[in-house]
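Okay, so the sequence shown: first residue is 1 according to UniProt numbering, each after it adds one.
Cβ coordinates follow ideal geometry from the N, Cα and C atoms, glycine included.
Keep in mind it's a predicted model, so treat the numbers as computed, not measured.
Single-structure report; data block below.
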Amino acid sequence: MRFDQASGDGPAGLSPARKLRTLLLSMPFGAVDRPALGISLLKAQLEARGFDCDISYPFEHLIARIGVEDYKWLTDEVPYTCFAGDWCFTLPLYGRRPDADWAYVDEILRGEWHMSAQDIRRIVAVREATPAFLEDCLAAYDWASYDVVGLTSTFVQNLSSLALAQRLKAAHPHLKIVFGGANWEDDMGAALFECFPFVDHVCRGEADKSFPDLIAALSDGKTAPAIAGVLSRGAHGLPAVPVTELDNLPYPDFSDYFEMHQNTAPDQTPVLMMETSRGCWWGAKHHCTFCGLNGQGMGFRAKSPDRALAELRHLTESYDVPLVSMVDNIIDMQYFGSFLSELAREPSPPALFYETKSNLSRSQVKGLALANVQTIQPGIENLSDRVLKLMRKGTTALRNIQLLKWCRELGVSAEWNILYGFPGETDDDYAQTLAWLPDLVHLQPPSGGGPVRIDRFSPYYQTPDAFGLKNLRAMRVFAHLYPFEDEMQQRISCYFEVDYEASQASPELVHELMTGITQWRETKRGSLSVHDTGQSLKIYDTRAGRSPRKLTLSGKERLIYLACDRVASASLVCETLARHGVGAFKRADVEAYLRTLVDSGLMIEKDGSYLALGIYDKFPVGWDEAVSHEEIAAE
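Structure, rendered in structure tokens:
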């Protein structure tokens with residue numbers, strides 16, 4: 001089935017040797033507080049090659065109708081996998097379909113997400129505003145002055161973009177409509193291309209070269225150019241070619257965004273977007289089973305430290321914004337001794353966000369803090385060794401908790417969540433987590449939790465039989481968004497449902513776990529603070545759920561607790577103490593005291609490894625046993 005435009009297919013060709021003018025759009029429900037990095041890079045690429053290009057954020061017109069509060073609610077608070085924003089645009093794209101519309105409300109909003117009647121009415125009100133919003137878009141731009149309109153589509157932007165493209169092709173058939181973004185990656189893009197013939201071209205994968213090449217070809221009068229990474233009517237699509245030298249990319253041009261932001265949402269604090277790498281060095285070796293990022297492959301490429309630093313300075317100075325979110329899948333470990341070290345020497349480095357691996361050393365967390373990396377997303381996702389192994393995370397529960405401890409001590413926020421529902425898990429995998437929760441309440445809790453999702457491009461999707469997953473099918477919400485055959489929905493879908501042959505934790509235990517997580521989030525943290533006098537450790541325990549207490553650890557007790565600031569076995573504790581010249585300790589004596597510390601709630605243990613939970617006001621010099629980035633990368 002195809003969903004045709006109202007009228008017109010556009011002219012057969014274009015005048016040759018004329019440089020075309022392009023308008024790039026980020027439609028609802030793109031974030032209002034940050035620019036779209038992809039199209040900002042493409043604008044810079046086009047202008048470097050002599051083409052005129054503008055960027056616009058038409059969601060400003062929707063905000064004018066529904067208000068920034070409702071818009072932010074839909075983008076930031078409504079679960080995006082219910083695709084409420086996309087459903088709002090089924091009205092202008094497909095017309096009113098009373099039975100289908102009621103089915104979405106009943107099955108998805110009520111049945112699956114248990115939304116209140118008030119929230120449903122709020123979503124429906126936005127939906128009713130979408131046809132008028134699209135008319136606002138048609139009136140807001142001088143479409144006759146443009147030759148190409150490019151629409152980026154990620155997360156919940158697809159149906160709004162398609163609805164506008166449908167109207168543009170009908171009203172201005174001379175326009176060439178080009179789609180790109182994560183929603184049009186690989187076969188998803190090919191399927192959508194078949195379903196919506198008012199789309200002229202699709203850029204799949206990294207479009208840094210393919211999109212400018214397409215504009216150049218269209219300027220030369222070619223209507224069906226054969227360009228790697230581009231689908232065109234009447235042309236066979238060639239595989240995309242990823243960028244290899246990131247230093248050769250231009251700086252993104254965010255000027256259009258900040259003009260819009262000042263007029264539309266001046267009270268919303270903007271965040272700059274920047275990338276210092278693409279791909280994932282960990283995933284290239286050990287693809288996490290549920291990760292669906294990097295549809296073109298995991299190949300890791302990073303900008304040189306000098307280039308990254310120059311770009312960061314350029315962006316923060318050009319737009320006077322001190323908040324920068326790095327979009328990297330994972331930080332380049334080489335940056336700890338280069339890019340981050342240089343940032344730490346800056347008088348006022350911008351506040352940064354980075355995604356990292358969780359098994360960082362204390363010195364590396366300190367390096368992040370000194371470089372003003374205020375928030376990290378370390379991919380913790382679980383506190384069970386066995387489940388982490390099922391996920392191919394390459395770390396352990398104690399190392400995850402170790403990172404949370406150091407982040408609290410050094411002032412770095414660690415965003416994380418709890419995932420469950422992994423094929424092969426059992427109730428036993430979560431029993432230890434539940435037992436630990438009372439001892440961890442002084443650490444940053446997960447922001448939430450939920451069942452693992454089956455994403456396109458993940459190992460779960462690519463080889464489901466290997467994990468005991470059967471009957472892979474499109475997530476059922478897609479049937480409410482794309483009224484096509486099951487096979488087409490399967491091709492369009494980015495998320496999937498499955499039947500499990502492998503074991504899973506029981507619903508009762510999962511409920512108990514999530515209840516404990518909720519209580520953790522809602523409980524005042526308290527602290528387990530430690531002050532080292534050089535002779536003894538003064539410990540002040542004000543963690544929630546227990547009476548406040550003061551403890552003093554002296555002599556060998558102090559030394560053993562210091563040695564367990566990072567995960568250590570009894571043997572490693574003995575070796576560490578010997579390295580620090582404090583004499584020999586019998587392993588049996590050390591193990592006995594470690595057990596005492598565990599029983600007192602000052603330490604936790606798993607399979608003979610121990611971790612002290614105290615947060616130091618100042619960790620003593622000489623006890624910081626750093627792990628090199630080479631060691632972490634090798635694990």
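Secondary structure note for Leu218: its alpha helix (DSSP H) is the uninterrupted segment Ser210 to Ser219.
About 7 angstroms separates the Cβ atoms of Pro250 and Leu41, confirming a contact at the 8 angstroms cut-off. Here His236 is exposed: its Cβ has fewer than 16 other Cβ atoms, across all protein chains shown, within 10 Å. Rounded to whole angstroms, the separation of the alpha carbons of Pro350 and Tyr57 is 25 angstroms. Per the Cβ contact rule, the segment 76-95 is in contact with the segment 146-160 (3 or more Cβ pairs under 8 angstroms).
Annotated three-state conformation of His442 is coil, per DSSP. Between Asp256 and Asp54, the C-beta spacing is below 8 angstroms.
By the 16-neighbour rule on beta-carbons within 10 angstroms, His61 is buried. Counted as a single uninterrupted DSSP element, the stretch harbouring Val590 is not any beta strand (DSSP E) but the alpha helix (DSSP H) occupying residues Arg587 to Asp599. Excluding the 5 residues flanking it on each side, Ala132 has same chain C-beta neighbours closer than 7 angstroms at Arg65, in chain order. The distance from the Cβ of Tyr561 to that of Ala612 is about 5 angstroms, consistent with a contact at the 8 angstroms cut-off. Taken atom to atom, the span from the alpha-carbon of Gly516 to that of Leu164 is near 45 angstroms. Per DSSP, Arg110 lies in no alpha helix (DSSP H) segment and is marked neither H nor E. Between the segment 134-153 and the segment 16-26, the count of Cβ pairs shorter than 8 angstroms is three or higher; the stretches touch. C-alpha of Asn400 to C-alpha of Ile380: approximately 6 angstroms in a straight line. Residue environment: Ala578 is assigned as exposed (fewer than 16 neighbouring CB atoms within 10 Å of its CB, all protein chains considered).
Residue burial is scored here from C-beta neighbours: Val621 has fewer than 16 other C-beta atoms within 10 angstroms and is therefore classed as exposed. Judged by their CB atoms, Ser536 and Arg558 are nearer to each other than the 8 angstroms cut-off. If you draw a 10 Å sphere on the C-beta of Thr90, you find 16 or more other C-beta atoms in it, and that means buried. Within the DSSP bridge table, the entry for His531 names Lys538 as partners.
By a beta-carbon distance limit of 8 angstroms, Leu370 contacts Ala344. Their separation comes to about 4 angstroms. Leu390 places its beta carbon less than 8 angstroms from that of Thr289. If you ignore the 5 residues before and after Ala397, its C-beta comes within less than 7 angstroms of the C-beta of Leu383, Ser384, Asp385, Leu388 and Lys606, all in its own chain and listed in chain order. Listed in chain order, the non-local C-beta contacts of Leu175 below 6 angstroms within the same chain comprise Val149 and Leu168, local neighbours out to five positions each way being set aside. For Arg127, the enclosing alpha helix (DSSP H) covers residues Ala117 to Ala140. Residue state for Phe290 is assigned as coil, using DSSP reduced to three classes. Counting the other Cβ atoms within 10 Å of the Cβ of Ala308 gives 16 or more, which makes it buried.
Following the DSSP letters along the chain, one finds His172 in no beta strand (DSSP E), marked with neither H nor E. Scanning its chain for C-beta atoms nearer than 8 angstroms, with the 5 sequence neighbours on each side dropped, one finds around Arg97 the residues Thr90 and Pro483, in chain order. Put simply, the backbone Cα of Ala31 is about 7 angstroms away from that of Thr75. The segment 444-456 makes contact with the segment 414-429: 3 or more CB pairs, one atom from each, lie closer than 8 angstroms. Here Ala570 carries a helix assignment [DSSP, helix/strand/coil]. Remark: C-beta atoms of Ala505 and Asp439 do not approach each other more closely than 8 angstroms. Per DSSP, the unbroken alpha helix (DSSP H) holding Asn400 starts and ends at Ala397 to Leu410. A distance below 8 angstroms separates the beta carbons of Thr523 and Ala544. In chain order, Tyr540 and Ile615 place their CB closer than 6 angstroms to the CB of Ser529, counting only its own chain and leaving out the 5 sequence neighbours on each side.
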